[in-house]
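To start, the structure under review is shown below, and the notes come after it.
If you want it as structure tokens, here you go:
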């Protein structure tokens, strides 16, 4: 079971990484295009190389149309895509200043408790994301510039959130098992006890 959960979490993270890489490239192209367009409209370039400036102005070089809309949709997906692997490796930020002095068994129970709370929150977010998806789909809302349906972004995020929910429930169950048996890692799920 752990191998399957790990494989799906890793696959989702890789997909999120690919989307994030594409968004970075899109942002770079958009900024470069916007900068070239600004340069083409400067008085300096028009006075030094008027023909080149005119060619740049008429060529359509500029920012990518709808780049902010694509960034919003892509980053939302990427956040949910990275959540499962972060959950599986216990990589969430923790503050353990006050719990370091507690015995290991007590820390295992605390970790299990907070893992269950986090799993419940992720499942709640997934449920509400599905409600938002249904609403956006029913009303046919589209983005302002690109006019693509908003529910597409919700659907992609919902799919990644479903994986996050599955992994978080699995992790919560494993943390409970670890607390009850005293076996398993205190950090990442599936590692030997430390």
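In our numbering, the protein residues as written are 7 to 200. For every residue, glycine included, the Cβ atom is placed at its ideal position computed from N, Cα and C. Model, not experiment: these values are computed from the prediction.
Secondary structure of residue 90 (DSSP, three-state): helix. In this structure, 79 is the residue among 133, 191, 120, 79 with its C-alpha nearest to the C-alpha of residue 152. Cβ neighbours of residue 139 within its own chain (closer than 7 Å, five residues either side excluded): 157, 160, 161, 164. Apart from the 5 residues on each side of it in sequence, residue 77 sits with its Cβ closer than 8 Å to the Cβ of 29, 32, 33 in its chain, given in chain order. Beta-bridge partners of residue 148 (DSSP): 155. Taking a C-beta distance under 7 Å as the contact criterion, residue 174 and residue 125 qualify as a contact pair. Distance check between residue 21 and each of 181, 85, 50 places 85 closest, using alpha-carbon atoms only. For residue 36, the number of other beta carbons within 10 angstroms of its own is at least 16, and it is reported as buried. Taking residue 103 as reference, the option from 149, 95, 113 with the minimal CA-CA separation is 113. Closest by C-alpha distance to residue 68, out of 52, 47, 90, 118, is 47.
Taking the Cα positions, residue 60 is about 8 Å away from residue 52. The C-beta distance from residue 82 to residue 18 rounds to 14 Å, too long to fall under 8 Å, and the pair is not in contact.
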